[in-house]
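Comments concern the structure below.
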Amino acid sequence: MINTNLRTNWIIAGFMLFFISLLGYIYHTYNSTRNDIMRSVDTRLLDAALSVKHMLGDDYHQKINAGLRISPSEYQHKSRQLSEFANALNIAYVYAMVLKDGNVYFSASSYTQNDQNSGKVTQFLDLYPEATAANIGAFYSTEPVFEISKDQWGHFKTIFVPFVDANGVTYLTGADITIYDLNQRLAESVSKAAAMAVFFFFIALLVAGIYVYLLKRAISTDTSSGFANHIALEYYIKKSPNHHMQLVVIWVNELEDISSFYGTEVSDRVMKSLLQHFKKNRPATSQIFRLATNKIVLIAPFKDDDMSFNDVIQAYNYSTPLLTDPFIYVTLCAGIASGNKSMLLENAHIAALQAKQGRHTVVNYSSALHDVKNQYQYNVAMAKEVREAFENNRIIPYFQAIYDSETNTIIQYECLARMITCHGEILKPDSFLDIVNRSRMDGMLTRTMLTQCFARFRKTSICWSINITAQDMLDPSLTEFLEDELKRYPLPSNITLELLETEAIANFSEVKAFISMVKNRGVRVVIDDFGTGYSNISNVLKLEVDGIKLDGTLIRQVINDQDIYLYIEHIASFAKQLNLQLIAENVESRPIVNALRKANVTLMQGNHFSAAAPQVNQIVKNAIPVGSLAGDSVDHSPNIYVRTE
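Structure representation (structure tokens):
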């Protein structure tokens, strides 16, 4: 009876798994098909809307926004062109719109045969009373806006693409495509998916059955040595009735070298021989496992006076070859942890890592290593915090002024990344940049900063700069994103990209190509942190950049080190001869300002003048009165207001 019930339960479970898998596959296929259809629709809409701008011409909306009317014949000609274009692309409508006094008007539009028959042909500057919030919001967007809507003409998916004419007035080009057949296409794909799901499910079930059978035989055994593996270890710890245990992780130092020199077959023989050695010499109450390729674990119930694991490892004779054909010698390092079994493996691993790094034979996990573990845990928590900051738009730009001491003006602002924690704390890059680099989120950081800065300064004449890494320049998607944004940015000459000197020289050909691309768009490029790494002015000349920014470590020492002062003076002379912009960062005090001005460095950035702030600060403290010379006694009051033009 019990066996019958078990078989029945397994059959029910199998059918449940079947239906869940079937529904999952159908759902996935439905979404994939829908996404493919919508992507295709979006691409067609975007191409159509972009083409409208070129068909109307650059001066068409400039006239309209200037208050001039378009002649009926010209409007009819444009409408006919747009209608033929929409018909050729199988697009319902293409059109252009303007916004006046909060209302949306058609400035140009295609029409269909039905529109002509029903007398609904759109005329010049016809009011569009059905304009949605998304439609109106598109006039204030910097990105194309999509929406699905219904109006008197039908049920459509729509795109609105904003453009700015030469006078700075925004207009939209748009395209509509009917989507009434979308559900029919999706229903067909779901039916096909259901049929295919049944077939593939049974194939997968057969394969899974074979796989599970083989997996059960090998899941708890290391195939190369025949000893229990890490899965068996985890199961043993979980099921052990002893809550306080002792565990040692033994690390074979040379195994990777042995494997690369003699091959994996010899390295497996080494580990098998070592496992047999410790199996023979281990304490009677302990168990042995092969944790990883080059790691062995011994585990036993905990005893306060038990030093047996330490003794076993110390007794290993390094002068005796482990293999004789070929002769192989190995050395070991080990980490021992004791206490609650839930933390044993992690703590022993930390101790073993410290033994390897400190070249010790054995390290016992203790309170001294607790700080190391806390650091690991902090890194994990910080990585999660950074990821959530990106997901929740808590990576923001701060702005720090670059000050011209000769003209007493701010020439531009550097955009610096800041992270807002979930508790509202503002973190500087030193606190999270290492996590960003190790998590390979450099490109995401650059893209986030660029997006916000483009949006913030697009409708201003403010000059600004931003750091960009070699990894960013080597990322095709980021380069494409930057190119697209620069095409739409009104004054790309107001933008400066700062490249690290060492990264730029290390990736010379790729960086040079990137610099050529952005300079062709009008963007300025400077080398950041000059004075570290290669520090070769000839390399800078080969890159054809517009300026250099002196490294902050040099600036901080300029008043205390005569050699550094002479070096900066020399660079300033070269920069002037070569017409390169020269900027000093990390300017923190009046003596540094005086020394820099004496060395003919006039462009400065630092907290002495203005700290980085979330808003563009057009006030500079401690500004130098025009006409004062380096070394003069300068009054520190009052603050002088300076503005960019």
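The sequence shown begins at 76 in the working numbering and counts up by one.
For each residue, glycine too, the CB sits at the ideal point set by N, CA and C.
Straight-line CA distance for residue i to residue j?
i: Gln137; j: Asp122; result: 22 Å
i: Ala530; j: Ile371; result: 56 Å
i: Ala385; j: Asn439; result: Per the sequence presented here, residue 385 reads as Asn, with Ala not at that position. Cα to Cα, the separation comes out at about 9 Å.
i: Ala250; j: His129; result: 14 Å
i: Pro666; j: Cys528; result: 33 Å
i: Val300; j: Leu290; result: Here residue 300 is Ser; the residue named in the question, Val, does not match the sequence. Answer to the nearest angstrom: the Cα atoms are 17 Å apart.
i: Phe556; j: Ala409; result: 50 Å
i: Tyr609; j: Asn661; result: With a pLDDT of only 49 at Tyr609, under 50, the local geometry of the prediction cannot be trusted, and the value read off the model is given with reservation. Each residue's Cα considered, the two are about 21 Å apart.
i: Ser361; j: Pro376; result: 7 Å
i: Arg599; j: Ser591; result: 10 Å
i: Leu671; j: Thr571; result: 23 Å
i: Asn692; j: Gln475; result: 8 Å
i: Ser315; j: Met516; result: 41 Å
i: Met91; j: Asn178; result: 56 Å
i: Val695; j: Leu419; result: 57 Å
i: Glu619; j: Arg434; result: 48 Å
i: Thr253; j: Ile543; result: 43 Å
i: Lys190; j: Thr248; result: Strictly speaking, residue 190 in this sequence is Asp, with Lys absent from that position. One C-alpha to the other measures close to 20 Å.
i: Ile211; j: Ser158; result: 24 Å
i: Ser115; j: Thr245; result: 27 Å
i: Asp621; j: Asn582; result: 18 Å
i: Leu202; j: Ser182; result: 10 Å
i: Ser383; j: Gln389; result: 10 Å
i: Ser394; j: Tyr311; result: 34 Å
i: Asp707; j: Phe684; result: Here Asp707 scores only 43 on pLDDT, less than 50, and its place in the model should not be relied on; the value that follows carries that caveat. Distance between the alpha carbons of Asp707 and Phe684: 17 Å.
i: Arg513; j: Thr484; result: 39 Å
i: Ala307; j: Leu330; result: 23 Å
i: Met346; j: Asn369; result: 7 Å
i: Asn595; j: Ser584; result: 17 Å
i: Ala647; j: Ile411; result: 59 Å
i: Lys617; j: Leu657; result: 17 Å
i: Thr406; j: Lys431; result: 11 Å
i: Phe19; j: Leu97; result: The first residue shown for the chain is 76 and the last is 720, placing residue 19 beyond what the model contains.
i: Val204; j: Met113; result: The amino acid occupying residue 204 in the given sequence is Pro; Val does not appear at that position. Those two C-alpha atoms are separated by around 27 Å.
i: Arg563; j: Ser216; result: 12 Å
i: Phe605; j: Ser568; result: 23 Å
i: Gln546; j: Gly597; result: 22 Å
Please classify residue i: is it buried, with 16 or more other beta-carbons within 10 angstroms of its beta-carbon, or exposed?
i: Glu466; result: exposed
i: Val455; result: exposed
i: Ala208; result: exposed
i: Val282; result: exposed
i: Lys534; result: exposed
i: Ile139; result: buried
i: Gln321; result: buried
i: Lys459; result: exposed
i: Leu453; result: Reading the sequence as shown, one finds Tyr at residue 453 and not Leu. Tyr453 is exposed by the Cβ-count criterion.
i: Cys497; result: exposed
i: Met271; result: exposed
i: Thr197; result: buried
Can you name, in chain order, every residue of its own chain whose Cβ lies under 8 Å from the Cβ of residue i, other than the five neighbours on each side?
i: Ile486; result: Ile477, Tyr478, Asp479, Cys538, Leu678, Thr719
i: Phe94; result: none
i: Phe353; result: Ile325, Ile363, Ile371, Leu373, Val387
i: Ala688; result: Tyr473, Phe474, Gln475
i: His319; result: Pro376, Phe377, Ser413, Gly414, Asn415, Lys416
i: Val601; result: Ser540, Thr571, Leu572, Glu573, Leu574, Val620, Asp621, Gly622, Ile623, Lys624, Gln656, Ile658
Taking 8 Å as the cut-off, is the beta-carbon of residue i closer than that to any non-hydrogen atom of the ligand FMN?
i: Ile112; result: Of ligands this structure carries none, so the ligand FMN is not represented either.
With a threshold of 6 Å on Cβ separation, who are the neighbours of residue i within its own chain once the five nearest residues in sequence on each side are excluded?
i: Leu174; result: Phe214
i: Ser193; result: none
i: Ala659; result: Leu625, Ile630, Leu671, Val676, Met679
i: Glu309; result: none
i: Phe221; result: Ile234
i: Phe532; result: Trp539
Excluding the five sequence neighbours on either side, which residues of its own chain have a C-beta within less than 7 Å of the C-beta of residue i, listed in chain order?
i: Ile643; result: Leu625, Leu629, Val633, Ala674, Val676
i: Ile470; result: Ala464, Ala492, Met494, Leu520, Thr523
i: Asn378; result: What sits at residue 378 in the sequence shown is Lys, not Asn. Excluding residues within five positions, none has a Cβ falling inside 7 Å.
i: Arg344; result: Leu398
i: Gln351; result: none
i: Lys153; result: Leu131, Ala183
i: Glu481; result: Thr677
i: Asn614; result: Ile580
i: Ala88; result: none
Taking contact to mean 3 or more Cβ pairs, one atom from each stretch, closer than 8 Å, check whether the stretch 629-647 and the stretch 563-578 are in contact. no
Which ranges does the beta strand (DSSP E) cover as unbroken runs of at least 3 residues, wholly within the stretch 350-431, from first to last along the chain? 362-367, 370-376, 407-415
Do the stretch 164-171 and the stretch 140-149 make contact, defined as three or more Cβ pairs closer than 8 Å? no
Counting pairs of Cβ atoms below 8 Å between the stretch 237-249 and the stretch 160-167, do you hit three or more? no
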